[in-house]
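Enquirer:
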Amino acid sequence: MQLFGILIPEKEQLVAAAGDIVKGKAGLTLYASLFGLAVGLYAIAAIFIKGHAHTINTSSLVPWGLQISTYVYFALLSTGCTFVNFFGHVFFEKQYRPFASRIIFVGIITALAAFFSLTTEMGHIERMYYFLLSPNPKSPMFWMGIWYTCYLIIITWEYVNIQTNRHSNKVMWGAFFIAVFTHSTLGSLLGSVSSRVYYYSALMPIYFLFIAFLTGCSLTTIIAAMTVKQKKLDENYYLHPFVTLLKVGLGLALLITFWRMMIGLSAHLEGSEVFSLTLINSVLFGIVVVIIIPYILLKLGKSANWLIFVGLFIMGTQLKARNDLVVGAFKIPVFRVYDMPEVVHYTPSIYENLVVVASASLVMVLYIIFERSGVFEARNIKEDH
Numbered sequence: 006m007q008l009f010g011i012l013i014p015e016k017e018q019l020v021a022a023a024g025d026i027v028k029g030k031a032g033l034t035l036y037a038s039l040f041g042l043a044v045g046l047y048a049i050a051a052i053f054i055k056g057h058a059h060t061i062n063t064s065s066l067v068p069w070g071l072q073i074s075t076y077v078y079f080a081l082l083s084t085g086c087t088f089v090n091f092f093g094h095v096f097f098e099k100q101y102r103p104f105a106s107r108i109i110f111v112g113i114i115t116a117l118a119a120f121f122s123l124t125t126e127m128g129h130i131e132r133m134y135y136f137l138l139s140p141n142p143k144s145p146m147f148w149m150g151i152w153y154t155c156y157l158i159i160i161t162w163e164y165v166n167i168q169t170n171r172h173s174n175k176v177m178w179g180a181f182f183i184a185v186f187t188h189s190t191l192g193s194l195l196g197s198v199s200s201r202v203y204y205y206s207a208l209m210p211i212y213f214l215f216i217a218f219l220t221g222c223s224l225t226t227i228i229a230a231m232t233v234k235q236k237k238l239d240e241n242y243y244l245h246p247f248v249t250l251l252k253v254g255l256g257l258a259l260l261i262t263f264w265r266m267m268i269g270l271s272a273h274l275e276g277s278e279v280f281s282l283t284l285i286n287s288v289l290f291g292i293v294v295v296i297i298i299p300y301i302l303l304k305l306g307k308s309a310n311w312l313i314f315v316g317l318f319i320m321g322t323q324l325k326a327r328n329d330l331v332v333g334a335f336k337i338p339v340f341r342v343y344d345m346p347e348v349v350h351y352t353p354s355i356y357e358n359l360v361v362v363a364s365a366s367l368v369m370v371l372y373i374i375f376e377r378s379g380v381f382e383a384r385n386i387k388e389d390h
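If you count the sequence shown from 1, position 11 lands on 16 in the working numbering, and the numbers rise without skipping.
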């Protein structure tokens, strides 16, 4: 079935899928995703009904917590999918073609999952349109709203083109550059917070782009490996581009993470001791576990199952790394007053953790439904120059 030229699941397929769920034939992955979505929606309802004060462990000392980290994580995943779509079409066209519609679709739904998480942190989402009525072009937040709107439009346009056999290089290049503008602006939002030395850096926009590329490579590697297994394609031929991109992503992440840490350690601004405070975690986890171990794992095997494991490992560690980044800036209080701790600690509540579960489950449910309906089947793509 088509809607404005876009393939969507047939009504009969949706009814059959619902029947399989009722009969217990839908598969463990879909049941787990539906359960996670249901529990997550319950937690989100509790957040809105009970209020942040009774459900969220953020405070005036730690105003940003796991919900913001989850938003950043899924936003970077979406960007990474757009980057992989671009480099896949440019450098590995034949090998990438069977996965194109899947990857750009995941780019769309991960962007939606990012906003899904962000809405649980915002008190009055119905007031979001105010940024149009009272714009502030000097604020990165204003430009985030503009660029995100453009980003969602153009990646949806790219998906429509792929699904309707009208792949356009112009749209592909446009999606790539708008993704760069959008998520470097997100990095600049943190990088311009001068009161928080852990954020304040001209490296932040570049850091976000490099990390987005790595996380996107890990997710798309999982998608490609699962598709190769399902369609019984040649693993070495079709997965080689994703392994190559993943290694490049790890190298870029190592470069930007190392120099961000070294610049922070050499700084003498008030509050820069946070880099010394987090040094062990930054080295052992942020570099060894997040970057070096995945690279070693890639050297140990290239099978589809092994690459799925490596991709999941990177995605899991990247989620913690994003939380360390967001929360780490608040470890050292800006103002020192009586009874205020020297080091601020934060542990997310069960409700905050369930927001992560809900966001991930939303992506899984949508992907599984579209995958089983057959709308991602590879087609002969006509180039529109």
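Where is the CB? At the ideal position from N, CA and C, for every residue including glycine.
#1: Rounded to the nearest angstrom, what separates I108 and T232 at their Cα positions?
#2: If you reduce the DSSP assignment to three classes, tell me which class S106 lands in.
#3: If you draw a straight line from the C-alpha of N310 to the C-alpha of E376, how long is it?
#4: Please determine if the stretch 334-346 and the stretch 252-261 are in contact, where contact requires at least 3 C-beta pairs separated by less than 8 angstroms.
#5: By how many angstroms is the C-alpha of F91 removed from the C-alpha of P103?
#6: For a quick check, are the C-beta atoms of K217 and G85 less than 7 angstroms apart?
#7: What is the rounded straight-line gap between the Cα of E388 and the Cα of F181?
#8: Just tell me which of V315, H188, Y203 has its CA closest to the CA of P338.
#9: Contact between the stretch 59-78 and the stretch 167-181 is defined here as three or more beta-carbon pairs at a separation below 8 angstroms; is this criterion met?
#10: In angstroms with no decimal places, state the Cα-to-Cα distance between Q185 and L250.
#11: Do Y153 and I183 have their beta-carbon atoms positioned less than 7 angstroms apart in this structure?
#12: Quick one: grab the DSSP three-state call for T322.
#13: Output the distance between the C-alpha atoms of V67 and K336, rounded to the nearest integer angstrom.
#14: From the DSSP output, in three-state form, read off M146 for me.
#15: Contact between the stretch 234-241 and the stretch 275-284 is defined here as three or more beta-carbon pairs at a separation below 8 angstroms; is this criterion met?
#16: Can you tell me whether P142 is buried or exposed? The criterion is at least 16 other CB atoms within 10 Å of its CB, across all chains shown.
#17: How is the alpha helix (DSSP H) around I373 delimited, first residue to last?
#18: Could you please give the first and the last residue of the uninterrupted alpha helix (DSSP H) stretch that includes F92?
#19: Considering only the beta carbon of each residue, do E357 and L71 sit closer than 7 angstroms?
#20: How do the stretch 287-307 and the stretch 321-337 stand: do at least 3 beta-carbon pairs fall below 8 angstroms, yes or no?
#21: Is it true that the CB of S364 sits closer than 7 angstroms to the CB of F121?
#22: Measure the alpha-carbon distance for S366 versus L46 and round it to whole angstroms.
#23: Enumerated in chain order, which unbroken segments of the alpha helix (DSSP H) with a length of 4 residues or greater are wholly contained in the stretch 225-251?
#24: Using C-beta distances below 6 angstroms, list every residue in its chain close to V361, excluding the 5 sequence neighbours before and after it, in chain order.
#25: Going by C-alpha to C-alpha distance, which of I355, G379, V368 sits closest to T34?
#26: Using DSSP with H/G/I as helix, E/B as strand and the rest coil, what is K336?
#27: Evaluate N241 with the Cβ neighbour count: other Cβ atoms within 10 Å of its Cβ, from every protein chain shown; 16 or more gives buried, anything less gives exposed.
#28: Rounded to whole angstroms, what's the CA-CA distance from Q323 to L224? Just pull it up for me.
#29: Does the beta-carbon distance from T125 to I52 come in below 7 angstroms?
#30: Using a Cβ-Cβ cut-off of 6 angstroms (strictly less than) and excluding sequence neighbours within five positions of Y372, which residues of its own chain qualify?
#31: Rounded to a whole number of angstroms, what is the C-alpha to C-alpha distance between H172 and N166?
#32: Is the Cβ-Cβ distance between S38 and V315 less than 7 angstroms?
#33: With the cut-off set at 7 angstroms, would you say L219 and M209 are in Cβ contact?
#34: Answer with buried or exposed for E163, where buried requires no fewer than 16 other C-beta atoms within 10 angstroms of its C-beta.
#35: For a test of the three-state rule: what should DSSP assign to Y101, helix, strand or coil?
#36: Figure out for me which residue from G221, G150, T283, I211 has the closest Cα to the Cα of F79.
Expert: The structure says:
#1: In the sequence shown, the residue the question calls residue 108 occupies position 103. In the sequence shown, the residue the question calls residue 232 occupies position 227. Between I108 and T232, the C-alpha separation is close to 11 angstroms.
#2: Here the question's residue 106 lines up with position 101 in the sequence shown. If DSSP states are grouped into helix, strand and coil, S106 belongs with the helices.
#3: If you number the sequence shown from 1, residue 310 lands on position 305. If you number the sequence shown from 1, residue 376 lands on position 371. C-alpha separation (whole angstroms): 19 angstroms.
#4: no
#5: For this step, residue 103 is matched to residue 98 along the sequence shown. For this step, residue 91 is matched to residue 86 along the sequence shown. Between P103 and F91, the C-alpha separation is close to 14 angstroms.
#6: Translated into positions along the sequence shown, residue 217 becomes position 212. Translated into positions along the sequence shown, residue 85 becomes position 80. Before going on, a small fix: residue 217 reads as Ala here, not Lys. Taking 7 angstroms as the Cβ cut-off, A217 and G85 qualify as a contacting pair.
#7: The residue given as residue 388 occupies position 383 in the sequence shown. The residue given as residue 181 occupies position 176 in the sequence shown. Below a pLDDT of 50, predicted positions are generally treated as unreliable, and E388, at 43, falls in that range; no measurement from the model is reported.
#8: Numbered from 1 along the sequence shown, position 333 holds the residue referred to as residue 338. Checked all of V315, H188, Y203; the closest Cα to P338 is Y203.
#9: no
#10: Here residue 185 corresponds to residue number 180 of the sequence shown, with the count starting at 1. Here residue 250 corresponds to residue number 245 of the sequence shown, with the count starting at 1. The displayed chain sequence assigns Val, not Gln, to residue 185. Using only the alpha carbons, I get a separation of about 17 angstroms.
#11: Here residue 183 is taken as the residue at index 178 of the sequence shown, counted from 1. Here residue 153 is taken as the residue at index 148 of the sequence shown, counted from 1. The answer is no: Cβ separation not under 7 angstroms.
#12: Within the sequence shown, the letter at position 317 stands for residue 322. It is helical.
#13: What you label residue 67 is simply residue 62 of the sequence shown in a count that begins at 1. What you label residue 336 is simply residue 331 of the sequence shown in a count that begins at 1. Going from the Cα of V67 to the Cα of K336 covers about 8 angstroms.
#14: Sequence index remark: in the sequence shown, residue 146 carries index 141 (1-based). Reduced to three states, the DSSP call for M146 is helix.
#15: no
#16: In the sequence shown, counting from the first residue as 1, residue 142 sits at position 137. Looking at its Cβ environment, which holds fewer than 16 other Cβ atoms inside 10 Å, P142 is exposed.
#17: Here residue 373 is taken as the residue at index 368 of the sequence shown, counted from 1. That run of the alpha helix (DSSP H) goes 355-377.
#18: Position 87 of the sequence shown, counting from 1, holds the residue named residue 92. Counting along the chain, the alpha helix (DSSP H) containing F92 begins and ends at 71-96.
#19: Reading the sequence shown from its first residue, position 352 is the one you call residue 357. Reading the sequence shown from its first residue, position 66 is the one you call residue 71. Going by C-beta atoms, E357 is nearer than 7 angstroms to L71.
#20: yes
#21: By one-based count along the sequence shown, residue 121 stands at place 116. By one-based count along the sequence shown, residue 364 stands at place 359. Yes, Cβ-Cβ distance for F121 and S364 is below 7 angstroms.
#22: Counted from its first residue, the sequence shown places residue 366 at position 361. Counted from its first residue, the sequence shown places residue 46 at position 41. For S366 and L46, the distance between alpha carbons rounds to 10 angstroms.
#23: none
#24: Counting from 1 along the sequence shown, the entry for residue 361 is found at position 356. Excluding positions up to five away in sequence, the list reads T75.
#25: Taking the sequence shown and counting its residues from 1, one reaches residue 34 at position 29. Of the candidates I355, G379, V368, the one whose C-alpha sits nearest the C-alpha of T34 is V368.
#26: As a first step, residue 336 is located in the sequence shown; it is residue number 331 there, counting from the start. Coil, per DSSP.
#27: Locating residue 241 in the sequence shown gives position 236, where the first residue counts as 1. So N241 ends up on the exposed side.
#28: Within the sequence shown, the letter at position 318 stands for residue 323. Within the sequence shown, the letter at position 219 stands for residue 224. About 11 angstroms.
#29: Here residue 125 refers to the residue found at position 120 of the sequence shown. Here residue 52 refers to the residue found at position 47 of the sequence shown. Yes; because the gap between Cβ atoms is below 7 angstroms, this pair is in contact.
#30: In the sequence shown, counting from the first residue as 1, residue 372 sits at position 367. Nothing meets the Cβ criterion.
#31: If you number the sequence shown from 1, residue 172 lands on position 167. If you number the sequence shown from 1, residue 166 lands on position 161. Approximately 5 angstroms between the Cα atoms of the pair.
#32: For the purposes of this step, residue 38 is taken as residue 33 along the sequence shown, with counting starting at 1. For the purposes of this step, residue 315 is taken as residue 310 along the sequence shown, with counting starting at 1. No, Cβ-Cβ distance for S38 and V315 is not below 7 angstroms.
#33: Residue 219 sits at position 214 when you count from the first residue of the sequence shown. Residue 209 sits at position 204 when you count from the first residue of the sequence shown. No.
#34: Along the sequence shown, read from residue 1 onward, the residue named residue 163 stands at position 158. By the 10 Å Cβ count, E163 comes out buried.
#35: As a first step, residue 101 is located in the sequence shown; it is residue number 96 there, counting from the start. DSSP places Y101 in helix when its eight states are reduced to three.
#36: Counting from 1 along the sequence shown, the entry for residue 79 is found at position 74. Taking only the C-alpha atoms, the option nearest F79 is G221.
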